[in-house]
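Engineer:
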Amino acid sequence: MKNFLEKKGVSLSLKAYVIDSLNGMALGLFSSLIIGLIIKTIGEQLDIAFLVEIGTMAMGLMGPAIGVAVAYSLKAPPLVLFAAIFSGAAGGNLGGEAGAFVAALISVELGKIVSKETRIDIIVTPLVTILTGFAVAKVVGPAVDYAMKAVGDLIVWSTDQQPILMGIVISVAMGLALTYPISSAAIAMMLDLNGIAAGAAVIGCAAQMIGFAASSYRENKISGLISLGVGTSSLLAPNSIRNPWIIIPPTVAGIILAPIGTTLLDFHNNAAGAGMGTSGLVGPMMTFTTMGFGPDVWIKVILLLFVGPAVISLLLSEYMRKKGWIKSGDMLIQIEGARE
Numbered sequence: 001m002k003n004f005l006e007k008k009g010v011s012l013s014l015k016a017y018v019i020d021s022l023n024g025m026a027l028g029l030f031s032s033l034i035i036g037l038i039i040k041t042i043g044e045q046l047d048i049a050f051l052v053e054i055g056t057m058a059m060g061l062m063g064p065a066i067g068v069a070v071a072y073s074l075k076a077p078p079l080v081l082f083a084a085i086f087s088g089a090a091g092g093n094l095g096g097e098a099g100a101f102v103a104a105l106i107s108v109e110l111g112k113i114v115s116k117e118t119r120i121d122i123i124v125t126p127l128v129t130i131l132t133g134f135a136v137a138k139v140v141g142p143a144v145d146y147a148m149k150a151v152g153d154l155i156v157w158s159t160d161q162q163p164i165l166m167g168i169v170i171s172v173a174m175g176l177a178l179t180y181p182i183s184s185a186a187i188a189m190m191l192d193l194n195g196i197a198a199g200a201a202v203i204g205c206a207a208q209m210i211g212f213a214a215s216s217y218r219e220n221k222i223s224g225l226i227s228l229g230v231g232t233s234s235l236l237a238p239n240s241i242r243n244p245w246i247i248i249p250p251t252v253a254g255i256i257l258a259p260i261g262t263t264l265l266d267f268h269n270n271a272a273g274a275g276m277g278t279s280g281l282v283g284p285m286m287t288f289t290t291m292g293f294g295p296d297v298w299i300k301v302i303l304l305l306f307v308g309p310a311v312i313s314l315l316l317s318e319y320m321r322k323k324g325w326i327k328s329g330d331m332l333i334q335i336e337g338a339r340e
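In structure tokens:
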């Protein structure tokens, strides 16, 4: 059985079902719901009707996008990949983001198992994938969505009750999820984070990105400033495994700034931006979508998502360099073995 599953590309592993598939889901979310929300927001602010229409349509394709993205991340063959569009759509309609993810994941794996096992593969493979996707969406989707939303509501409620403690916990957890191979964006969407809990999450994610961009400027210069600051902090995940000290400055920045955001500045965000940080400037955009475009909001965004993380991380990293805990080259971005 094990050899058969390996032959079919079915890997019963945590990496495949948590890391790879969640990262795939995040790409699907960004390519539909998140980018759609950005386009819609721009259209509303500039009073451009066709942008609002485009954004609304893109947001409505969230389920199919998750389905095909999860299938792609699991290296599904073509017929399974295309049929997963329906699985994601069914899951999205019946169980939201979490339902789309679960329906796509299970149907894709079963589709891979039957793929090319019969002479009528062009019928059997998509049929199995579609029927499985709908069955999972119908039976499991609503329950999974309810459970994830319940956990999210508990987190939001807990943050409202204990904004300092929970602000720190959420900031650290989501920030580290962004840097390491777990999709903070997918987690935030499935939990439906909102309010100051989402604010703490986006602060933690931004602290990792902007913090690393500032503290590693010696090594990575402008290219690193851009790739880390508006790209992803996961570029330095391998470096942090070799020298765990480098993760301290951006994490401390999140620990300091998140309670300020949850208490003094009443900093809010939504599920679409909570796990994105400053990646593609989605986090700041969703802050404006949630809180408006007033001068006070601009000041909060600049302070909590850009200036604060940069200053705190840079000061702390420079101190750690003087102590010898962080050495020259420790934060140099490496891509495919080549130094940038």
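Taking UniProt numbering, the leading residue of the sequence shown gets 1, the next gets one more, and so forth. By construction, the Cβ of each residue, glycine as well, lies at the ideal position given by its N, Cα and C atoms. These numbers were taken from a predicted model, which means no experiment stands behind them.
Counting Cβ pairs closer than 8 Å, one from the stretch 133-146 and one from the stretch 177-189, do we hit at least three?
Structural biologist: Contact fails between the stretch 133-146 and the stretch 177-189, because fewer than three Cβ pairs, one in each stretch, are under 8 Å apart.
Engineer: Counting only the same chain and skipping the five closest in sequence on each side, list residues whose C-beta sits under 8 Å from that of Ala89.
Structural biologist: Gly63, Pro64, Gly67 and Ala100
Engineer: Which of helix, strand or coil does DSSP assign to Asn93?
Structural biologist: helix
Engineer: Taking the alpha carbon of Ile226 as the reference point, which residue from Thr278, Pro244, Phe82 and Ala103 has its own alpha carbon closest?
Structural biologist: Thr278
Engineer: Curious, which full-length alpha helix (DSSP H) runs of at least 4 residues does the stretch 288-338 contain?
Structural biologist: 295-301 and 308-323
Engineer: Measure the alpha-carbon distance for Ala143 versus Gly95 and round it to whole angstroms.
Structural biologist: 8 Å
Engineer: Which of helix, strand or coil does DSSP assign to Asn243?
Structural biologist: coil
Engineer: Out of Lys116, Leu127 and Leu191, which has the shortest C-alpha to C-alpha gap to Ala147?
Structural biologist: Leu191
Engineer: Buried or exposed for Gly28, please, with buried defined as at least 16 other CB atoms from any protein chain shown within 10 angstroms of its CB.
Structural biologist: Gly28 counts as buried, since at least 16 other C-beta atoms from the protein chains shown sit within 10 angstroms of its C-beta.
Engineer: On the three-state DSSP scale, how would you describe Glu340?
Structural biologist: Per-residue confidence for Glu340 stands at a pLDDT of 39, beneath the threshold of 50, marking its modelled position as unreliable; the derived number appears in the next sentence. Three-state result, Glu340: coil.
Engineer: Can you name the start and end residues of the alpha helix (DSSP H) that Met57 belongs to?
Structural biologist: Ala49 to Gly60
Engineer: Alpha carbon to alpha carbon, how far is Gly275 from Ile302? Give it in angstroms, no decimals.
Structural biologist: Ile302 and Gly275 have their C-alpha atoms some 18 Å from each other.
Engineer: Taking a contact to mean a Cβ-Cβ separation below 8 Å, would you say Thr41 touches Thr289 in this structure?
Structural biologist: yes
Engineer: Less than 8 Å separating the beta-carbons of Ala58 and Ile39?
Structural biologist: yes
Engineer: Within 10 angstroms of its Cβ, does Lys323 collect 16 or more other Cβ (buried), or is it exposed?
Structural biologist: Classification of Lys323: exposed, given that the 10 Å Cβ count is below 16.
Engineer: If you count every other CB in all the chains shown that lies within 10 Å of the CB of Ala150, and 16 or more means buried, which is it?
Structural biologist: Residue environment for Ala150: exposed (fewer than 16 other C-beta atoms within 10 angstroms of its C-beta).
Engineer: With 16 as the cutoff for other CB atoms within 10 Å, does Ala338 come out buried or exposed?
Structural biologist: Since pLDDT at Ala338 reaches only 41, below the 50 mark, its modelled position is unreliable, and the value read off the structure follows with that caveat. The residue is exposed, with fewer than 16 neighbouring Cβ atoms inside 10 Å.
Engineer: Give the secondary structure of Asn194 by DSSP, where H, G and I count as helix, E and B as strand, and everything else as coil.
Structural biologist: coil
Engineer: Quick one: using the 10 Å Cβ neighbour count with 16 as the cut-off for buried, is Glu340 buried or exposed?
Structural biologist: Because Glu340 sits at a pLDDT of 39, beneath the cut-off of 50, its placement in the model cannot be relied upon, and the point is left open.
Engineer: For the alpha helix (DSSP H) holding Gln45, just list the boundary residues, first then last.
Structural biologist: Ile35 to Leu46
Engineer: Can you give the Cα-Cα distance for Ile205 and Gly175, rounded to whole angstroms?
Structural biologist: For the sequence presented, residue 205 should be read as Cys rather than Ile. Those two C-alpha atoms are separated by around 4 Å.
Engineer: Would Ile248 pass as a contact of Asn239 if the rule is Cβ separation under 8 Å?
Structural biologist: no
Engineer: Pick from Pro126, Asn194, Ser107 and Leu257: whose alpha carbon is nearest that of Leu165?
Structural biologist: Of the listed residues, the one whose Cα sits closest to Leu165 is Leu257.
Engineer: Can you have a look at Glu336 and say buried or exposed, based on whether 16 or more other CB atoms are within 10 angstroms of its CB?
Structural biologist: Reliability of the predicted coordinates at Glu336 is poor, the pLDDT of 49 falling under 50, and no value is obtained from them.
Engineer: Are there three or more Cβ pairs, one per stretch, closer than 8 Å when the stretch 220-234 is compared with the stretch 195-202?
Structural biologist: Counting Cβ pairs under 8 Å, fewer than three are found: no touch.
Engineer: Across which residues does DSSP place Asn269 in a beta bridge pair?
Structural biologist: Gly195
Engineer: Between Val18 and chain C, is the shortest Cβ-Cβ distance under 8 Å, so that the two count as touching?
Structural biologist: Chain labels in this structure do not include chain C; a single protein chain is all it has.
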